[in-house]
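Engineer: Residue numbers (my numbering): 24 to 915.
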C-alpha cells in the first residue's frame, strides 16, 4: 500500500516569489493580483504533479517571534511589504478557503516553523511529505520521508531536493545545512553569521570538521590566519546565527490530520472569486456545468415586425421614449457595400424587435418609417461599435442625431490598453452573462457560414442578446466613467466624434488611378535598375529578398564586418544595414531597393484593390479604440502612415486628389502641438515665452543646449536640438538619443542634462509625473483621459523604463490627440451649420484635410484657423499652418 502524501506550503515565501516574478496585474476594481495569480499557478502545478492526500498552507503572523527575543535585530532593515503585495494576502487566503485548503498561522512563530512541525509529525507517521517554498532554509528538513520543492526561477521552474540531491548540490547533510547558515548568515533575515565566510568556505569547513562545534573544537587547525581570526572573534555570533536559522519542529500545534485532508473546492464560490479577480485561466479548471449554471439568463422576448403596420406602431411608441439601442445586421465586414439583412432594436426592458429586409427596395421603404426616429434629437441612440450602423444609415440617405452611448468606446475609455472590446468580453467582465460571439455563431475554417446562411430565429436571437447586454451594461460603464471623471470627455468628445469619423469614411478620399499606375511603373523601373546595380556589386544573381542569400553575399563573398548573427544565419535587418553604410556601395542600393519595394507593395499594389470602382475613392476605416493614447488610427487603407521622410515616399500623396476641377484640398496642420502642450503642462516659462514670441523653438533649444548665441546655431545643432525636443516628450534615454543621432552616449547624456538644466520646470514635471504614476497607477491628459500603467511598478528594469516613458508621453500625446478631436468636431459642425459644400475628409495626427469647393476656400481657411487655434485654451498659443493644392502632395 502506498504511503499517504502531504503537501505543505510556505504561503509567505511563495506569494513573495510570485509577486516578484510577474509584472503588476490588476483587475477592473484596481485590485493587484499578480502575486495571487502566480501562487495559484504554482499551486495547481503541484496539485497536478503530486496529487496529495493532505495539504496545508502556513503563513507568518504579524508581530515578533521568539527569534526577535533571541536577537533584537532579526529581520531588521527588511523593506516594508509593498502595498500592492500586502493587499494580496487576504485575497489569497480567501481563494484557499474557497478551495477548502487548510491554512495555519500562529503567534510567535514563522511559517517555516509551522511547516517544519507539520512535516516532522507527518514524516514520523511514514507519510511522503513535499514542502513547497522559495526559501532554501527548508533544506535542513530533508530526510527519508521529506522532500523540498524549491521555486528555482520565476513561477515555472521547480526543483526537488531529497537526501541524495542535497549531497550532490551541497555535499552536506540536512543537519549540516543548519550549521552552514550559522556560518554564512542570511542577509534577507539579517542573520549576521561570521563575516567573510560565504557558502564555499562554509561547506569546506563543514566537510572537514562536520559541525560548528567541530570547527571550534579544532580551531587551531583551521588554515588561513584571517579566517581563523574571524571565526574566533565571532564564535558566539556563529552559534546564535545557527539558532536563528534553525527551523523549530515542535511548535505547540494541535494537529488534526483530518483538517489537512484534501477536499473538493467550493466551485461555485471559487468561480465568483475567480471572475472578480479576472483569472480566466483558472476558471477553465472549474466544472463546465458549474460555470453554465452561474450564468445569468437573458430574457429574449423577441417581436418580429413583419408588416408595415407593425413597424409604424412601434415607431409611434419609440417617439414616446428617450433611448433607442439598435444594430443593423450586415452580411460581411463592409457596411457600405455588403448586404443588409435586418435591423434589431430595443427601447424598453421587456421587448426587443427584429425587422428582416428582403431586398434593397424593402430596406429603403422600411427605413423611411424610421427616418424621423434616427434624426430626432429627443431620442438618444446607443449601440456597440455604432459607427458601423451610422454608415448603413448614411448609405441609405438617413441622418442621425443624439448618439449617446457606445459600449466599445465606453470600455475603451475605461481601459485603453485592452485588445478585445467585444460584447462577449464585456458581458463576461461585468455581467457574468454568457453570450455567443460571431465565431460561435458562424463557425470557423472550411465550414464557416455567412450571416445570410443563419436561420432568422437564430440570427435574431444572437443579435438581440447583444442588445440586451448593451442595455444591462450601460449604467455600469457610465458609472465607471463618472468615477474616473471622464463623463465630459465621453459625452462631449468621443461620442459625437463617432458621427464625424463615419462621415469621413462614408465620403472617402479620391484616388487618381492613372497616377497610381504610372507611379507603380516608375517604381518597377527603379526596382529593376537597383536589382541590376546590386547584382553588379555582388558579382552574381541571387534573391535579394532572402535574408539568408543576402547574408552570404555581404558577409562571405564581400567580407563585410558581421554586425549580428541569428539562429538561422547572418542578420540583414535595417539596423545592421544602417551600421554598414559606407562600408560598400551595395549597402546603399539594398536599402533603397527595400524602400521602393515596400512602397510599391504597400501603397501601389495595396491601394489599387481598395479603390471604389464607382466613385474612384478609398473609404478608410477610422478607429477610435486602437491606440492607447487616444489618437485616431485608420485601416484599409492606413492613410496615417503614408511616408513623408523621403521624396519617393511623398510621391504617394500625389495619387490622393480633390474630387474634380471645382475642388481643392486645404491642409491645416498644428505647428509643434506636442511641444506646446509640454510647455503648458510643465509651466516652463522659457518655452512659454519662446512660443509667445514666435521664436524658432529648435534654434532656441540648440542655443541653450550647446551654450552658444542664437546666430551661432548651425543647421546640425538645430537638427540635434530638434531630436532632443521631441525625444524629451517620448522619454528618450541617452542610449536612444545616441542611436538616433549617431553620437556617443556620453555626448547624448550631456545634451539631455543641458536641456533639463535649462528647462528646470520640464525636469520637475518629468519627475512629478513618474512619481504620480507610481502612486496612482495611471496618468491623465488635460481632459482627464486616463491610461493605466501597471508596467511602472515592475521589478524588471526594461519593463519599468517603458512604464516611465509611457507616463511621460501619455499626458502630452494624449492631450494633443484630444485637442485635434475637439478641432475635428468643431470644424465638422461648422461646415454642416453653414451648409457648405466642403467636407472634412481626413485627419492624420495633427493635420486636417478639407476637400474644399473653390468658392469656399477663403471661408474654409478662416474657419479652420479660428476653430483649430481656439480648440482649447493653453498658456501658449496654438498655431496652424495651412496650404492648398489639387493633390495631397501639393497641399502638404
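Here a beta-carbon is modelled for each residue, glycine too, at the ideal position from N, C-alpha and C. In this text, all values refer to a predicted model and were calculated from it rather than measured experimentally.
What's the gap between the Cα of residue 600 and the Cα of residue 610?
Structural biologist: In the chain shown, the residue the question calls residue 600 occupies position 577. In the chain shown, the residue the question calls residue 610 occupies position 587. The alpha-carbon atoms of residue 600 and residue 610 are separated by roughly 6 Å.
Engineer: Can you tell me the Cα-Cα spacing of residue 394 and residue 422, whole angstroms?
Structural biologist: One-based indexing of the chain shown puts residue 394 at position 371. One-based indexing of the chain shown puts residue 422 at position 399. The alpha-carbon atoms of residue 394 and residue 422 are separated by roughly 8 Å.
Engineer: Helix, strand or coil for residue 41 per DSSP?
Structural biologist: As a working mapping, residue 41 is identified with position 18 in the chain shown. Looking at residue 41 - three-state DSSP - the assignment turns out to be helix.
Engineer: Using a Cβ distance threshold of 8 Å, determine whether the segment 604-624 contacts the segment 484-502, with at least three qualifying pairs required.
Structural biologist: No, the segment 604-624 does not touch the segment 484-502.
Engineer: Looking at the unbroken alpha helix (DSSP H) that takes in residue 830, where does it start and where does it end?
Structural biologist: Position 807 of the chain shown, counting from 1, holds the residue named residue 830. Taken as a continuous stretch (DSSP letters only), the alpha helix (DSSP H) holding residue 830 covers 820-856.
Engineer: Hey, out of 117, 140, 47, whose CA is closest to residue 106's CA?
Structural biologist: Here residue 106 refers to the residue found at position 83 of the chain shown. Measuring from the Cα of residue 106, the nearest candidate turns out to be 47.
Engineer: Measure the C-alpha to C-alpha separation of residue 381 and residue 359 and round it to an integer number of angstroms.
Structural biologist: The sequence position of residue 381 within the chain shown is 358, counting from 1. The sequence position of residue 359 within the chain shown is 336, counting from 1. The alpha-carbon atoms of residue 381 and residue 359 are separated by roughly 17 Å.
Engineer: I need the straight-line Cα distance from residue 798 to residue 830, nearest angstrom please.
Structural biologist: On the chain shown, position 775 is the one that residue 798 refers to. On the chain shown, position 807 is the one that residue 830 refers to. Computed Cα separation, rounded: 12 Å.
Engineer: What are the start and end residues of the alpha helix (DSSP H) that includes residue 392?
Structural biologist: Sequence index remark: in the chain shown, residue 392 carries index 369 (1-based). Residue 392 -> alpha helix (DSSP H) spans 383-398.
Engineer: How is residue 509 classed by DSSP in three states: helix, strand or coil?
Structural biologist: Here residue 509 corresponds to residue number 486 of the chain shown, with the count starting at 1. Note: residue 509 maps to coil in three-state DSSP.
Engineer: Write down every uninterrupted run of the alpha helix (DSSP H) in the segment 280-316 whose length is 4 residues or greater and which is fully enclosed by it, in chain order.
Structural biologist: With a minimum length of 4 residues, the continuous alpha helix (DSSP H) runs that stay inside the segment 280-316 are 280-283, 290-300, 303-306.
Engineer: For a test of the three-state rule: what should DSSP assign to residue 592, helix, strand or coil?
Structural biologist: Mapped onto the chain shown, residue 592 falls at position 569. Three-state DSSP puts residue 592 in a strand.
Engineer: Rounded to the nearest angstrom, what separates residue 434 and residue 517 at their Cα positions?
Structural biologist: In the chain shown, residue 434 corresponds to position 411, counting from 1. In the chain shown, residue 517 corresponds to position 494, counting from 1. Using only the alpha carbons, I get a separation of about 12 Å.
Engineer: May I ask which residues mark the beginning and end of the beta strand (DSSP E) holding residue 32?
Structural biologist: Reading the chain shown from its first residue, position 9 is the one you call residue 32. Looking at the DSSP string, the run of the beta strand (DSSP E) that includes residue 32 is 28-33.
Engineer: Give me, in chain order, the residues of the same chain whose beta-carbon lies closer than 6 Å to that of residue 595; leave out the 5 immediate sequence neighbours on both sides.
Structural biologist: Here residue 595 is taken as the residue at index 572 of the chain shown, counted from 1. Within the same chain, residue 595 has close Cβ partners 570, 573, 574.
Engineer: Can you give me the start and stop residues for the beta strand (DSSP E) that residue 713 sits inside?
Structural biologist: Position 690 of the chain shown holds residue 713. Not the beta strand (DSSP E): residue 713 falls in the alpha helix (DSSP H), residues 708-715.
Engineer: Going by other Cβ atoms of all chains shown within 10 Å of its Cβ, with 16 needed for buried, is residue 498 buried or exposed?
Structural biologist: Taking the first residue of the chain shown as position 1, residue 498 is located at position 475. The residue is exposed, with fewer than 16 neighbouring Cβ atoms inside 10 Å.
Engineer: Hey, would you say residue 504 sits closer than 9 Å to residue 436, going by beta carbons?
Structural biologist: To locate residue 504, count along the chain shown from 1; it is residue 481. To locate residue 436, count along the chain shown from 1; it is residue 413. It is a contact, given that the beta carbons lie within the stated cut-off.
Engineer: Less than 8 Å between the CB of residue 577 and some heavy atom of the ligand GTP, yes or no?
Structural biologist: Judged by which ligands are present, the structure shown has none, so any question about the ligand GTP falls away.
Engineer: Contact between the segment 153-169 and the segment 200-209: three or more CB pairs below 8 Å?
Structural biologist: These segments touch.
Engineer: Considering only the beta carbon of each residue, do residue 200 and residue 260 sit closer than 9 Å?
Structural biologist: Looking up residue 200 in the chain shown gives position 177. Looking up residue 260 in the chain shown gives position 237. It is not a contact, given that the beta carbons lie outside the stated cut-off.
Engineer: Whose C-beta lies closer than 7 Å to the C-beta of residue 899 among residues of the same chain, with five residues either side of it excluded?
Structural biologist: Stepping through the chain shown from its first residue, residue 899 is reached at position 876. Only 699, 702, 703, 711, 714, 715 meet the Cβ criterion.
Engineer: Between the alpha carbons of residue 362 and residue 386, how many angstroms are there, rounded?
Structural biologist: Working through the chain shown from its first residue, we reach residue 362 at position 339. Working through the chain shown from its first residue, we reach residue 386 at position 363. Whole-angstrom Cα-Cα distance: 10 Å.
Engineer: Counting only runs that start and end within the segment 324-394, where is the alpha helix (DSSP H) found for 4 or more residues in a row?
Structural biologist: Listed in chain order, the complete alpha helix (DSSP H) runs (minimum 4 residues) inside the segment 324-394 are 331-342.
Engineer: Taking the beta carbon of residue 345 as the centre, do at least 16 other beta carbons fall within 10 Å, making it buried, or is it exposed?
Structural biologist: Position 322 of the chain shown, counted from the start, is the residue given in the question as residue 345. Label assigned to residue 345: exposed.
Engineer: Do you know offhand how far residue 755's Cα is from residue 564's?
Structural biologist: Position 732 of the chain shown, counting from 1, holds the residue named residue 755. Position 541 of the chain shown, counting from 1, holds the residue named residue 564. Taking the straight line joining both Cα atoms gives about 42 Å.
Engineer: Note down the Cα distance separating residue 24 from residue 76, rounded to an integer number of angstroms.
Structural biologist: Counted from its first residue, the chain shown places residue 24 at position 1. Counted from its first residue, the chain shown places residue 76 at position 53. A caution first: residue 24 carries a pLDDT of 49, below 50, which makes its placement in the model too unreliable to give a value.
Engineer: Only counting the same chain, and skipping five residues up and downstream in sequence, which positions put a Cβ closer than 6 Å to that of residue 78?
Structural biologist: The residue labelled residue 78 in the question sits at position 55 within the chain shown. Closer than 6 Å at the Cβ level, and outside the excluded window around residue 78, lie 30, 124, 285.
Engineer: Residues in its own chain within less than 7 Å of residue 289 by CB, not counting five upstream and five downstream?
Structural biologist: By 1-based counting over the chain shown, the position of residue 289 is 266. Contacts found: 121, 123.
Engineer: Candidates 845, 853, 875: which alpha carbon is nearest residue 862's?
Structural biologist: Your numbering for residue 862 matches position 839 in the chain shown. Checking every option, the nearest Cα to that of residue 862 belongs to 875.
Engineer: In whole angstroms, what is the alpha-carbon distance linking residue 556 and residue 612?
Structural biologist: The count along the chain shown starts at 1 and reaches residue 556 at position 533. The count along the chain shown starts at 1 and reaches residue 612 at position 589. C-alpha separation (whole angstroms): 7 Å.
Engineer: Need the endpoints of the alpha helix (DSSP H) that residue 537 sits in, please.
Structural biologist: As a first step, residue 537 must be located in the chain shown, where it is residue number 514. First-last of the alpha helix (DSSP H) with residue 537: 536-561.
Engineer: The beta strand (DSSP E) spanning residue 126 covers which residue range?
Structural biologist: Here the question's residue 126 lines up with position 103 in the chain shown. That run of the beta strand (DSSP E) goes 125-127.
Engineer: Going by other Cβ atoms of all chains shown within 10 Å of its Cβ, with 16 needed for buried, is residue 241 buried or exposed?
Structural biologist: Along the chain shown, read from residue 1 onward, the residue named residue 241 stands at position 218. So residue 241 counts as exposed.
Engineer: Locate the beta strand (DSSP E) running through residue 77, then write down its first and last residues.
Structural biologist: Against the chain shown, residue 77 aligns to sequence position 54. 77-81 is the span of the beta strand (DSSP E), which, as asked, contains residue 77.
Engineer: The alpha helix (DSSP H) that contains residue 521, what's its start and end?
Structural biologist: The residue labelled residue 521 in the question sits at position 498 within the chain shown. Segment 518-530, the alpha helix (DSSP H) holding residue 521.
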